[in-house]
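One structure below.
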Amino acid sequence: MSLLCVLAICNLLLDASFAVASPSVTGDGTSDTEMRDIRLLLNKYGSQIESLQRENARLEEKTMTLEKKIMTLEEKVTTLEDQTPAFEDKTPMFEEQREPKSDLVNNTKPGPDILGIPDGLAISDGKSQSRKRNPDEAVKKVNPRVDSTTDSIIAFHAILSHTVTDPAAEHIVTFDHIITNIGAHYSSKTGVFTCVEVGVYQFSWMIEVASVQWITTQLVRNGAVIGSAISGDDTYWTTGAASAITMLAPGDEVWVRLATGHSVGADITPTYTMFNGFLIH
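What the sequence shown shows, in mature numbering (1 follows the signal peptide of the UniProt record, and there is no 0), is residues -19 to -1, 1 to 262, in sequence order.
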C-alpha cells in the first residue's frame, strides 16, 4: 500500500507541474511528452503492484490453509506415536495365541482322536493295555512347547460294568471299567480319585436304576458331601446325574457313595452308570 501512496503523490505533483509550468521548456514539446510518459509508467506500475498485492494475499491465504493441514497431520502423527507402545505390548500376546495353533497342526495327525490315542484304548491303573504308546506321551505331543501345561492334564472316565445289588448306605460305588485315566489318579479297585496337584476340578456322575426303584447318591470329598443326585422313581429304567466343581489339594480324595435313603431292593445297573472328572485349572 505504501508504493501506491508514493505513486499517487507523484501523479499529484506531475499534475501540479503541468498546471504551473510553461507548456514547453525548449519550445519543441519534449518536456510535456516526457511527463506524460512518466505518468503512463506510474499508472502501469501501479496496476501491476495492485495485481501483485492481490496475488500475494491469495498466496498468504493458501499458506495459512496448508499450515492448518500440517498442524492436523502432526496431531494425528502424535496420536499414532502415543498408541504405538500399546500395540507393541499386545504383539507378543497375539503371537503366543497364534503359535499354539500351528504347533497343534504340526504335531498331530488327522484322525478321530486329536491326542493320538487309538480308538478303544483302555487304561487301567495308569498302565495302557495298548503296546503302541502311553497316553501321557501322546498328550505331551499336542503342545511340546509348554511342558508345565501338558504335564498338568489330569482326567478320568470310568463306567460300572456290573450290577450292584441292594447297596447299603455309604456304600462306595466302584466304577471298575476305566475308559480314560490320564495321570492314573483314579483307582478302579476303590472307586476313589486321589488328587496330586492343587487346582480346581470338575466331577460328574450318573447312576441308573431299574424301573419303580429310586436311589440317592452323593459326591464326597474327604468324607464331606459336596454334591447329591437322585435316580429312578419312574415306570422305566432311568438315570440321575449331577456335577460339582471343587478346589482340591494334594492328598484329597473324591468318590461317589450311596446316601441313606433309597427304595427297598434298589439295584444300580451297569453301562449307563459312570463317573468322570478333570482338572480345570
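Ideal Cβ placement from N, Cα and C applies to all residues, glycine included.
With which residues is residue i paired in a DSSP beta bridge?
i    : result
L229 : G180
A210 : T198
F156 : DSSP lists no partner for F156.
N257 : H138 and S185
F68  : Beta-bridge pairing links F68 to no other residue.
H58  : This sequence places Val at residue 58; His is not what is there. Partner(s): none; V58 has no beta bridge.
V173 : Per DSSP, none; premise fails for V173.
A223 : W186
N162 : F137
I249 : V145 and V190
Y167 : F174
A205 : R202
With a CB to CB cut of under 8 Å and the five nearest residues on each side skipped, what residues in its chain are close to residue i?
i    : result
R112 : Summary for R112: the model assigns pLDDT 47, below 50, so the residue's position carries little reliability, and this model does not support an answer.
Y217 : S192
V201 : I207, V235, W236, V237 and R238
H166 : I135, F137, F174, T175, C176 and V177
A149 : L239
Can you check whether the CB of residue j is closer than 8 Å to the CB of residue i?
i    : j    : result
H138 : N257 : yes
G221 : A210 : yes
H158 : S133 : no
V154 : L229 : no
I207 : A225 : yes
V177 : W236 : no
I188 : S169 : no
I163 : M255 : no
Ends of the beta strand (DSSP E) at residue i?
i    : result
E234 : E234 to H243
Got a sec? Which residues, its chain only, sit under 6 Å from residue i by beta carbon, not counting five neighbours each side?
i    : result
I261 : V181 and Q183
V86  : Bear in mind that the predicted position of V86 carries a pLDDT of just 41, short of 50, making it too unreliable to give a figure here.
A247 : V190, Q194 and I196
T252 : none
V145 : I249
A223 : G208 and A210
A2   : With a pLDDT of only 45 at A2, under 50, the local geometry of the prediction cannot be trusted, and the value read off the model is given with reservation. Excluding sequence neighbours, A2 sits near nothing in its chain.
V199 : Note that residue 199 is Gln in the sequence shown here, rather than Val. Hits under 6 Å: V206, S209, R238 and A240.
K43  : none
Ordered along the chain, which non-local residues of its own chain (more than five positions away) have a Cβ less than 7 Å from that of residue i?
i    : result
T161 : I104, A136, F137 and H138
G243 : Here residue 243 is His; the residue named in the question, Gly, does not match the sequence. Once the five neighbours on either side are set aside, the close Cβ partners of H243 are W195, I196 and T197.
E55  : none
N203 : D233 and E234
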